[in-house]
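Protein chains in written order, with my numbering: chain A, 158 to 564; chain B, 158 to 564.
Positions of the beta carbon are idealized from the N, C-alpha and C atoms, including for glycine.
What follows is a single structure, written as structure tokens, with notes after it.
Protein chains: 2
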Amino acid sequence: MWKETTGGVCAAKGFKAAGVHCGVKAGSSPEKNDLAMILSERECVAAATYTLNRVKAAPLYVTMEHLEDGVCRGIIANSGNANACCPLSHENAKAMCQFAAQATGLKAEDFVVASTGVIGQTINIQAIQSGVPGLAAALSENGSEQAERAIMTTDTVPKTAAVELELGGKTVTIGAIAKGSGMIHPNMGTMLAFITTDCDISQEMLEDALRQIVGRTFNRVTVDGDTSTNDMCVVLANGLAGNPLIEWKDENYHAFYEALEQVCRTLARKIAADGEGASRLITCTVHHARSEESAERLAKAVVGSSLVKAAMFGTDANWGRVLCAMGYSKAPFRPEYVDIKFASAAGEVEVCRQGDGLNFDEEKAKQVLSQDEVTIDVNLNEGGEQATCWGCDLTYDYVKINGDYRT
Amino acid sequence: MWKETTGGVCAAKGFKAAGVHCGVKAGSSPEKNDLAMILSERECVAAATYTLNRVKAAPLYVTMEHLEDGVCRGIIANSGNANACCPLSHENAKAMCQFAAQATGLKAEDFVVASTGVIGQTINIQAIQSGVPGLAAALSENGSEQAERAIMTTDTVPKTAAVELELGGKTVTIGAIAKGSGMIHPNMGTMLAFITTDCDISQEMLEDALRQIVGRTFNRVTVDGDTSTNDMCVVLANGLAGNPLIEWKDENYHAFYEALEQVCRTLARKIAADGEGASRLITCTVHHARSEESAERLAKAVVGSSLVKAAMFGTDANWGRVLCAMGYSKAPFRPEYVDIKFASAAGEVEVCRQGDGLNFDEEKAKQVLSQDEVTIDVNLNEGGEQATCWGCDLTYDYVKINGDYRT
Chain A
158 MWKETTGGVC AAKGFKAAGV HCGVKAGSSP EKNDLAMILS ERECVAAATY
208 TLNRVKAAPL YVTMEHLEDG VCRGIIANSG NANACCPLSH ENAKAMCQFA
258 AQATGLKAED FVVASTGVIG QTINIQAIQS GVPGLAAALS ENGSEQAERA
308 IMTTDTVPKT AAVELELGGK TVTIGAIAKG SGMIHPNMGT MLAFITTDCD
358 ISQEMLEDAL RQIVGRTFNR VTVDGDTSTN DMCVVLANGL AGNPLIEWKD
408 ENYHAFYEAL EQVCRTLARK IAADGEGASR LITCTVHHAR SEESAERLAK
458 AVVGSSLVKA AMFGTDANWG RVLCAMGYSK APFRPEYVDI KFASAAGEVE
508 VCRQGDGLNF DEEKAKQVLS QDEVTIDVNL NEGGEQATCW GCDLTYDYVK
558 INGDYRT
Chain B
158 MWKETTGGVC AAKGFKAAGV HCGVKAGSSP EKNDLAMILS ERECVAAATY
208 TLNRVKAAPL YVTMEHLEDG VCRGIIANSG NANACCPLSH ENAKAMCQFA
258 AQATGLKAED FVVASTGVIG QTINIQAIQS GVPGLAAALS ENGSEQAERA
308 IMTTDTVPKT AAVELELGGK TVTIGAIAKG SGMIHPNMGT MLAFITTDCD
358 ISQEMLEDAL RQIVGRTFNR VTVDGDTSTN DMCVVLANGL AGNPLIEWKD
408 ENYHAFYEAL EQVCRTLARK IAADGEGASR LITCTVHHAR SEESAERLAK
458 AVVGSSLVKA AMFGTDANWG RVLCAMGYSK APFRPEYVDI KFASAAGEVE
508 VCRQGDGLNF DEEKAKQVLS QDEVTIDVNL NEGGEQATCW GCDLTYDYVK
558 INGDYRT
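Dropping the structure here:
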């Protein structure tokens, strides 16, 4: 059983991190970090998932290449420019790894590289080159927050999580940082998430766990339905905890899996709650579905609906939009069996039973919907499966932020 | 060859229309019509397309039943309540046809019925019952605009179109009214569109033409990605023009098809331009695709992207979001072949060639994007097919309108 801890991406043994300002984006504040590094003191097995967007930014291709052997030592990442869709994007992603290698005495292939920001503008590679030596010099066991701040874009709060668990008498720790705000949508067009652990685990098992967990956490978040070109989730495991090596799906694997899922679920909820302009986190759980897949599809349609999102912003218990979104999700269900409730810290209010509207207390509903976290609870009354997806409301600020992001 | 004319849904011979206020929605202004009727002086062949939402409102099922024989005489429709997802919805939809029949001396089965408004609240059927006699008495050849106003919800302008053409020495006229603003999305979860014509055409040919044309016009409009439970497109043809009967795909069929397509395209553009809170019409044309289907899917993803829509609101030439939206559309294309231009009455600006960004004049781009109608022109450089989709920008007002629509 895991318990929460602190330290973010440096919580696990043998990991250091740093974040500095180097000026990737012209005119950016010197207060805003834009270059991050995470480094393990020894080689890690690594696994990653990538955006499903057909247009993938150059850093993703370079990372795939560098992870072909399943091992690496560290991560270099920048905000302020996506390094995507420019003639020199690929060379510049390679160069970032080269700079990191020079500053640390390692090889370029030892690094994963990630970028986030505007697409289609040439990245200021000189700024990165001049920033890397100072970045490497700043690496520290207390560097998680600085690194996190360096990958933030329109994020309003840093997103971090860490848990520890006992495996074979040893303490194993998993820590992470993530960024993500706009362009957050299911299917791993999601965000940047960097996860580190001192767990001793085979690359195969690590990859297997990550792929499944990402499907149930990050891929169930939606902010605006857009899927970015740049986003990835990477996990590095350096084995320093000294636990018995996890190489098949034994008890220790399942304990590790649960702990890693907790880290990813925590970050997923934080990303949804910090959706661009969001004023509240919206969770939709679909219960008693015939399959987890339909439940997920229905829950995603609900949290992804602009009309539901706008109603949640307006604390309007317009449950017809929930049923309507389910209807166009393409998942099979019987409208005439559906029950819907809204719930939050202020209580719950049932609004629809067996597909028909109930008379409910509008004042009470307003109170329920006015909380920071609101749950839309859907019961299909058909089977034994369920799924939860996360999103946020649609606000004036979303439009403001995205009406003029580039300039 | 068709030419534009006036008169809306009464432009064709033998059709009358009316719109009145009956108070469907409690507290609504007596100035706002909410009940409409369209009537042909003789029997029409009829065809209809319906929302693909799995949750379909009761009026759609009643309409399907009444059109099983392919003929009808008129349409009764209300705004202010969707008559969906309530225990009495089906009975009430039947009752609306019954009231229309009583007031006109016809049968309930002679009527198509449609509703638009909030889902899940019981419709005020007494208000409709008391309104119908006055509605029938008001039927007139000049009633198109009153009828149009009666089906508007958050629409800010009435939407109407009419064309006439010569077929076999006779003048054939096609006229229409439509409503649609929020919840507008491809696949006929679209809007209400009522089309009338005096063309003499078989039911089979009429249905065939309508289905194809809806696929290329209304189904290529998106406002917010939501697909309503209530929307339908109906065409009635009473044959009064006296043209040679169209019963197969001859020259006259093709001429009629083109004219009907023009009517539907005009309404589709008007619906997109009047998207909730919209400040401009966004057209995306994808050229030189390998198939019309991929071109359509790509163009829809572009006009449907919240990030593209917000950028258009902000007159920000953020073409990376265009390429990104194409990337997650699931249509096949080669990013490295793609050219992108923005165009409007103020000129055009090329922003991306072969997948890479170009240096362009930001001031000029702002001018181009500041017009009421902006085109995003994508060239895939792969094949000979193309498709055009329509949408609108995402504005503060969209959020405002939808944050508190129900109450």
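Min CB distance W476 (chain A) to chain B below 8 Å: By one-based count along the first sequence, residue 476 (chain A) stands at place 319. Yes, because at least one Cβ of chain B sits closer than 8 Å to the Cβ of W476 (chain A).
Chain-ordered neighbours of A430 (chain B) on chain A, where CB pairs are closer than 9 Å: Taking the second sequence and counting its residues from 1, the one referred to as residue 430 (chain B) is at position 273. Neighbours of A430 (chain B) on chain A: none; closest Cβ ~18 Å, over 9 Å.
Those residues which DSSP pairs with R510 (chain A) across a bridge: Counting from 1 along the first sequence, the entry for residue 510 (chain A) is found at position 353. R510 (chain A) is bridged to A:D513.
M483 (chain B): contacting residues in chain A (beta-carbon distance under 8 Å): Sequence index remark: in the second sequence, residue 483 (chain B) carries index 326 (1-based). Those are R211 and V212, listed as they occur along chain A.
Beta carbon of G484 (chain B) nearer than 8 Å to that of T354 (chain A): For the purposes of this step, residue 484 (chain B) is identified with residue 327 of the second sequence, where counting begins at 1. For the purposes of this step, residue 354 (chain A) is identified with residue 197 of the first sequence, where counting begins at 1. Not a contact, by the Cβ cut-off of 8 Å.
Cβ neighbours of R377 (chain A) in the same chain (closer than 8 Å, five flanking residues each side left out): Residue numbering aside, residue 377 (chain A) sits at position 220 when the first sequence is read from its first letter. P343, A425, E453, A456, K457, A544, T545, C546 and W547.
Residues of the segment 250 to 270 of chain A whose Cβ lies closer than 8 Å to any Cβ of chain B, in chain order: none
T206 (chain A) - partner residues in DSSP beta bridges: Taking the first sequence and counting its residues from 1, the one referred to as residue 206 (chain A) is at position 49. DSSP, once it has assigned bridges, lists A:C390 as partnering T206 (chain A).
Neighbouring residues, chain A, relative to I276 (chain B) (Cβ below 9 Å): Working through the second sequence from its first residue, we reach residue 276 (chain B) at position 119. Result: N475, W476, G477, R478, L480, C481 and G514.
Minimum Cβ-Cβ distance from S385 (chain A) to chain B less than 8 Å: If you number the first sequence from 1, residue 385 (chain A) lands on position 228. Yes - at least one Cβ of chain B is within 8 Å of the one on S385 (chain A).
Cross-chain neighbours of T552 (chain B) in chain A, by beta carbon under 9 Å: In the second sequence, counting from the first residue as 1, residue 552 (chain B) sits at position 395. By Cβ distance, chain A contributes V556 and G560.
CB contact below 8 Å: L217 (chain B) versus chain A: By one-based count along the second sequence, residue 217 (chain B) stands at place 60. Not one chain A Cβ lies under 8 Å of L217 (chain B).
Where the beta strand (DSSP E) through F172 (chain A) begins and ends: As a first step, residue 172 (chain A) is located in the first sequence; it is residue number 15 there, counting from the start. Element bounds for F172 (chain A): F172 to V177.
Distance, V212 (chain B) Cα to L464 (chain B) Cα: By one-based count along the second sequence, residue 464 (chain B) stands at place 307. By one-based count along the second sequence, residue 212 (chain B) stands at place 55. Computed Cα separation, rounded: 28 Å.
CB contact flag (W159 (chain B), Q419 (chain B), <8 Å): For the purposes of this step, residue 159 (chain B) is taken as the residue at position 2 of the second sequence. For the purposes of this step, residue 419 (chain B) is taken as the residue at position 262 of the second sequence. In this structure, Q419 (chain B) lies closer than 8 Å to W159 (chain B) by Cβ.
Span separating the alpha-carbon of K557 (chain A) from that of A467 (chain B): As a working note, residue 557 (chain A) is residue 400 in the first sequence. As a working note, residue 467 (chain B) is residue 310 in the second sequence. When rounded, the distance between both Cα atoms is 8 Å.
Member of B:N210, B:L217 and B:N240 whose CA lies at the smallest distance from the CA of V181 (chain B): By 1-based counting over the second sequence, the position of residue 181 (chain B) is 24. Nearest of B:N210, B:L217 and B:N240 to V181 (chain B), Cα basis: B:N240.
When B:E505, B:G461 and B:A258 are compared against I195 (chain B), the one with the closest alpha-carbon: In the second sequence, counting from the first residue as 1, residue 195 (chain B) sits at position 38. Measuring from the Cα of I195 (chain B), the nearest candidate turns out to be B:A258.
Partner residues on chain B for C509 (chain A), Cβ-Cβ distance less than 8 Å: Residue mapping note: residue 509 (chain A) aligns to position 352 of the first sequence, counting from 1. Going along chain B in sequence order, the residues near C509 (chain A) (Cβ under 8 Å) are C242 and G277.
Burial state of E305 (chain B), where buried means 16 or more other Cβ atoms lie within 10 Å: For the purposes of this step, residue 305 (chain B) is identified with residue 148 of the second sequence, where counting begins at 1. Buried, because 16 or more other Cβ atoms sit within 10 Å of the Cβ of E305 (chain B).
Sequence-distant residues of its chain with Cβ nearer than 8 Å to T552 (chain A) (five each side left out): Here residue 552 (chain A) refers to the residue found at position 395 of the first sequence. Cβ within range, chain order: G434, A435, S436 and F470.
Of the residues A:N536, A:L224 and A:F499, the one placed nearest E520 (chain A), counting alpha carbons only: As a first step, residue 520 (chain A) must be located in the first sequence, where it is residue number 363. Per the Cα distances, A:F499.
Exposure of G432 (chain B), with buried meaning 16 or more beta-carbon neighbours within 10 Å: The count along the second sequence starts at 1 and reaches residue 432 (chain B) at position 275. So G432 (chain B) ends up on the buried side.
Chain-ordered chain B contacts of F470 (chain A) [CB-CB under 7 Å]: Along the first sequence, read from residue 1 onward, the residue named residue 470 (chain A) stands at position 313. What F470 (chain A) touches in chain B: V556 and G560.
8 Å Cβ cutoff, A467 (chain A) in contact with chain B: Looking up residue 467 (chain A) in the first sequence gives position 310. Closer than 8 Å: yes.
Coarse secondary structure for C549 (chain B), derived from DSSP in three states: The sequence position of residue 549 (chain B) within the second sequence is 392, counting from 1. C549 (chain B) falls in the strand class under three-state DSSP.
Local conformation of Q283 (chain B) per DSSP, three classes: As a working note, residue 283 (chain B) is residue 126 in the second sequence. The answer is helix: DSSP assigns Q283 (chain B) an H, G or I state.
Residues bridged to V460 (chain A) [DSSP beta-bridge criterion]: Counting from one through the first sequence, the residue named residue 460 (chain A) turns up at place 303. DSSP, once it has assigned bridges, lists no residue as partnering V460 (chain A).
Beta-carbon proximity of A271 (chain A) to K251 (chain A), cut-off 8 Å: Residue 271 (chain A) sits at position 114 when you count from the first residue of the first sequence. Residue 251 (chain A) sits at position 94 when you count from the first residue of the first sequence. In this structure, K251 (chain A) does not lie closer than 8 Å to A271 (chain A) by Cβ.
Pairwise C-alpha distance: L349 (chain A) and T220 (chain A): Locating residue 220 (chain A) in the first sequence gives position 63, where the first residue counts as 1. Locating residue 349 (chain A) in the first sequence gives position 192, where the first residue counts as 1. Taking the straight line joining both Cα atoms gives about 13 Å.
Cross-strand partners of H444 (chain B) (DSSP beta bridge): For the purposes of this step, residue 444 (chain B) is taken as the residue at position 287 of the second sequence. According to DSSP, which records beta bridges pairwise, H444 (chain B) is partnered with B:N536.
Short CB-CB distance (under 8 Å) between P290 (chain A) and chain B: The residue labelled residue 290 (chain A) in the question sits at position 133 within the first sequence. No, P290 (chain A) does not count as interfacial toward chain B.
Distance CB(G165 (chain A))-CB(N395 (chain A)) smaller than 8 Å: Within the first sequence, the letter at position 8 stands for residue 165 (chain A). Within the first sequence, the letter at position 238 stands for residue 395 (chain A). The answer is no: Cβ separation not under 8 Å.
Per DSSP, the bridge partner or partners of A482 (chain B): One-based indexing of the second sequence puts residue 482 (chain B) at position 325. Bridge partners of A482 (chain B): none, in fact.
Cβ of P401 (chain A) within 8 Å of any chain B Cβ: By 1-based counting over the first sequence, the position of residue 401 (chain A) is 244. It does not; no Cβ of chain B falls within 8 Å.
For S462 (chain B) and N538 (chain B), the rounded distance between their alpha carbons: Sequence index remark: in the second sequence, residue 538 (chain B) carries index 381 (1-based). Sequence index remark: in the second sequence, residue 462 (chain B) carries index 305 (1-based). Their backbone Cα atoms lie some 23 Å apart in a straight line.
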